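Student: In the numbering used here, the protein residues as written are 13 to 548. Ideal Cβ placement from N, Cα and C applies to all residues, glycine included. Nothing here was measured: the structure is a model prediction, and the numbers come from that model. Before we start, here is the structure in question, set down as structure tokens.
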């Protein structure tokens, strides 16, 4: 059974981007907000560090812009960087107005100010935070506000299957008309029509074996946009967070960069600090440098992990400033006040994505993308710490303005067909999905990870071609499930990452290849853009 619903705006994703966009549109448009898990479950919820913004009189817009450009290794768009950085302070105030409790401190004269952290790549303390659980504070505060607005229709436990476009229906000019959405609990597909659709689905960390991302980060928005004909860019730039907790039952719990900002030292299993051998900034070098250093140390010594040592800090300081890390580590028997924390790198953030402008517009009329799913030009070849939440909030605000400006001129979506399951059956071999998922994540980690080579990438491309054919056949013959949709999307995103990596004949930022170990400013592309028709 299918159902057709109609809204002004369909937002797919419920992290900081999706929630803030919905709140910026409320009262003027009817909004459907789709979340494939509980509405709170998103990468935002797990973000520990904070939001970089110029709020201190000793800081400046120019300094924040310069730091971002430097971290991006020459590939940031300066105009985009300036646009986003200039709006940081007002977005912080907007969050405060919506109930986010940022950490403050009182000066001797009684003045109350933000407590600011410093993270890798920043020349100043400029990271506004809520202890070490900033993402949770933002997510829960915004969810509370969204739930208070009856004009926002929430679809939890619903997963977008694919975008509906005029081109797919054989009509011109092309435009996004809505999306097919799977009700995961009732196994029925809804047809949601909308004047404007927004992808706020986050990244694709689950394409790798080890990731700091939650299970929902399966590249859904990028894959759907690609299948709808949108261009993607810079997919080779996958950021690996240098420090995730290494423990057999911990999954990949993030050890916030602020630990290193407060003087935490990376040490080998023998207790020797090693970052001075790789970069003069040591632990505060950009994440790509720190992650490669850890990867090299582990491979050189054959160790399973390195250690992050913060035992020099007073216990009270660690408990007050890093309560989430302290409690989580303690649950695994690690007292961070007396014992170094075992750590490994893990896939953390995708700097590339669906090509958009600062109003969130994609190359497909009626389709927008906001947050990690999008490529605005802010991050370049590497994302500076805590710029991601800033981008989410600023671009969501400008996207809302763009949608409001065109909403009245957009006609209601035409009649579109409902989802057709008449030619498929229930699968009796779900093990195929589980096996392919495991294979994909393993070879992406081994061949398309922190250090790459042409041979590794070609091996990965051969395997991805086989998986593509197998999953396409499976998708065409059997009734869809959440696991199948996610695997289909991950295989598509993996292919985009591999092909983008093969196109970049240099090492820069997050892309490091043994065959081209040096940066090339003369012949390498500013952006690695893939467009529909580049490959099937």
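Thinking C-alpha only, which one of 229, 306, 483 is nearest residue 361?
Tutor: Here residue 361 refers to the residue found at position 349 of the chain shown. The residue with the shortest Cα to Cα distance from residue 361 is 229.
Student: For residue 527, which three-state DSSP category applies?
Tutor: Here residue 527 is taken as the residue at index 515 of the chain shown, counted from 1. Three-state DSSP puts residue 527 in coil, outside helix and strand.
Student: Quick one: what's got a C-beta closer than 7 Å to residue 71's C-beta in the same chain, skipping five residues either side?
Tutor: Stepping through the chain shown from its first residue, residue 71 is reached at position 59. Correct list, in chain order: 136, 138.
Student: Smallest Cα separation from residue 358: which of 273, 219, 147, 94?
Tutor: Along the chain shown, read from residue 1 onward, the residue named residue 358 stands at position 346. For residue 358, the nearest C-alpha among the options comes from 219.
Student: What residues in its chain sit with their C-beta under 8 Å from that of residue 147, if we drop five residues either side in the sequence?
Tutor: Here residue 147 corresponds to residue number 135 of the chain shown, with the count starting at 1. 28, 55, 56, 57, 58, 59, 60, 401, listed in sequence order.
Student: Could you tell me the alpha carbon to alpha carbon distance between residue 162 and residue 45, rounded to whole angstroms?
Tutor: Stepping through the chain shown from its first residue, residue 162 is reached at position 150. Stepping through the chain shown from its first residue, residue 45 is reached at position 33. Near 12 Å, if we compare the C-alpha coordinates of residue 45 and residue 162.
Student: On a CA-only basis, which of 242, 474, 202 is nearest residue 433? Give me that one, please.
Tutor: To locate residue 433, count along the chain shown from 1; it is residue 421. Ranking 242, 474, 202 by Cα distance to residue 433 puts 202 first.
Student: Give me the Cα-Cα distance between residue 91 and residue 543, rounded to the nearest whole angstrom.
Tutor: Counted from its first residue, the chain shown places residue 91 at position 79. Counted from its first residue, the chain shown places residue 543 at position 531. Distance between the alpha carbons of residue 91 and residue 543: 24 Å.
Student: In three-state terms, what does DSSP make of residue 548?
Tutor: On the chain shown, position 536 is the one that residue 548 refers to. Confidence at residue 548 is low in this model, with a pLDDT of 47, below 50, so its placement is unreliable and the value that follows should be read with caution. Three-state result, residue 548: coil.
Student: Please list, in chain order, all residues of the same chain as residue 175 whose beta carbon is under 6 Å from its beta carbon, the five residues on each side excluded.
Tutor: Here the question's residue 175 lines up with position 163 in the chain shown. If we look at residue 175 and ignore the five residues flanking it on each side, its Cβ neighbours are 188, 191, 236, 240.
Student: Which of the three DSSP states is assigned to residue 358 in this structure?
Tutor: Taking the first residue of the chain shown as 1, we reach residue 358 at position 346. In the structure shown, residue 358 sits in a strand (DSSP, three-state: E or B).
Student: If you reduce the DSSP assignment to three classes, tell me which class residue 349 lands in.
Tutor: For the purposes of this step, residue 349 is taken as residue 337 along the chain shown, with counting starting at 1. Here residue 349 sits in coil by DSSP.
Student: With a threshold of 7 Å on Cβ separation, who are the neighbours of residue 36 within its own chain once the five nearest residues in sequence on each side are excluded?
Tutor: Within the chain shown, residue 36 is the residue found at index 24, counting from 1. Once the five neighbours on either side are set aside, the close Cβ partners of residue 36 are 408, 409, 412.
Student: Measuring CA to CA, which of 227, 105, 142, 81 is closest to residue 502?
Tutor: Within the chain shown, the letter at position 490 stands for residue 502. Cα-wise, what sits closest to residue 502 is 227.
Student: Check residue 285 in the structure and name its three-state DSSP category.
Tutor: In the chain shown, counting from the first residue as 1, residue 285 sits at position 273. Strand at residue 285.
Student: Taking all protein chains shown into account, decide if residue 481 is buried (16 or more other Cβ within 10 angstroms of its Cβ) or exposed.
Tutor: For the purposes of this step, residue 481 is identified with residue 469 of the chain shown, where counting begins at 1. Exposed, since its Cβ has fewer than 16 Cβ neighbours within 10 Å.
Student: Determine the DSSP secondary structure at residue 199, reduced to helix, strand or coil.
Tutor: In the chain shown, the residue the question calls residue 199 occupies position 187. Looking at residue 199 - three-state DSSP - the assignment turns out to be coil, as it is neither helix nor strand.
Student: Which residues mark the beginning and the end of the alpha helix (DSSP H) in which residue 407 is found?
Tutor: By one-based count along the chain shown, residue 407 stands at place 395. It spans 399-418 - the alpha helix (DSSP H) in which residue 407 sits, taken as one unbroken run.
Student: Roughly how many angstroms separate the alpha carbons of residue 272 and residue 394, rounded to a whole number?
Tutor: In the chain shown, counting from the first residue as 1, residue 272 sits at position 260. In the chain shown, counting from the first residue as 1, residue 394 sits at position 382. The alpha-carbon atoms of residue 272 and residue 394 are separated by roughly 18 Å.
Student: With a CB to CB cut of under 6 Å and the five nearest residues on each side skipped, what residues in its chain are close to residue 374?
Tutor: Residue mapping note: residue 374 aligns to position 362 of the chain shown, counting from 1. Taken in chain order, the residues that qualify are 242, 366, 368, 381.
Student: Have a look at residue 538 and residue 376 and give me their C-alpha separation to the nearest angstrom.
Tutor: Along the chain shown, one-based indexing puts residue 538 at 526. Along the chain shown, one-based indexing puts residue 376 at 364. One C-alpha to the other measures close to 22 Å.
Student: Quick one, which of 318, 295, 519 has its alpha-carbon nearest residue 533's?
Tutor: Position 521 of the chain shown, counted from the first residue, corresponds to residue 533. Per the Cα distances, 519.
Student: What residue does the alpha helix (DSSP H) around residue 507 start on, and which one ends it?
Tutor: Stepping through the chain shown from its first residue, residue 507 is reached at position 495. 494-515 is the span of the alpha helix (DSSP H), which, as asked, contains residue 507.
Student: Can you give me the C-alpha to C-alpha distance between residue 40 and residue 127, rounded to a whole angstrom?
Tutor: Against the chain shown, residue 40 aligns to sequence position 28. Against the chain shown, residue 127 aligns to sequence position 115. Roughly 36 Å between the two C-alpha positions.
Student: In chain order, what residues of the same chain lie with their CB nearer than 7 Å to the CB of residue 398, ignoring the 5 residues before and after it?
Tutor: On the chain shown, position 386 is the one that residue 398 refers to. Excluding residues within five positions, the ones whose Cβ falls inside 7 Å are 61, 62, 63, 64, 131, 139.
Student: Look up residue 175 in the DSSP assignment and give the residues it is bridged to.
Tutor: Taking the chain shown and counting its residues from 1, one reaches residue 175 at position 163. Residue 175 is bridged to 191.
Student: For the ligand MG, any of its heavy atoms closer than 8 Å to the Cβ of residue 176?
Tutor: As presented, the structure is devoid of all ligands, the ligand MG included, so that no description of it is given.
Student: Would you decide whether residue 384 is buried or exposed? Buried here means 16 or more other CB atoms lie within 10 Å of its CB.
Tutor: Translated into the one-based positions of the chain shown, residue 384 becomes position 372. That one is buried.
Student: If you measure between the beta carbons of residue 208 and residue 422, is that distance less than 9 Å?
Tutor: If you number the chain shown from 1, residue 208 lands on position 196. If you number the chain shown from 1, residue 422 lands on position 410. Cβ distance < 9 Å, so residue 208 and residue 422 count as in contact.
Student: Below 8 Å, how does it come out for the segment 467-474 and the segment 437-449: are there three or more Cβ pairs, yes or no?
Tutor: The segment 467-474, when compared against the segment 437-449, does not touch it at the 8 Å Cβ threshold.
Student: Could you tell me which residues DSSP puts in a beta bridge with residue 277?
Tutor: Within the chain shown, residue 277 is the residue found at index 265, counting from 1. Note: residue 277 sits in a beta bridge opposite 321.
Student: Does DSSP put residue 293 in a helix, in a strand, or in coil?
Tutor: Position 281 of the chain shown, counting from 1, holds the residue named residue 293. Note: residue 293 maps to coil in three-state DSSP.
Student: Determine the direct distance from the alpha carbon of residue 281 to that of residue 52, and round the result to whole angstroms.
Tutor: Within the chain shown, the letter at position 40 stands for residue 52. Within the chain shown, the letter at position 269 stands for residue 281. The straight-line gap from Cα to Cα measures roughly 38 Å.
Student: First and last residue of the alpha helix (DSSP H) that includes residue 459?
Tutor: Position 447 of the chain shown holds residue 459. Residues 443-459.
Student: How long is the line joining the alpha carbons of residue 98 and residue 109, rounded to whole angstroms?
Tutor: Counting from one through the chain shown, the residue named residue 98 turns up at place 86. Counting from one through the chain shown, the residue named residue 109 turns up at place 97. Computed Cα separation, rounded: 19 Å.
Student: Within the segment 124-167, note down every full beta strand (DSSP E) run reaching 3 residues or more, in order along the chain.
Tutor: Within the segment 124-167, the complete beta strand (DSSP E) runs of at least 3 residues are 124-126.
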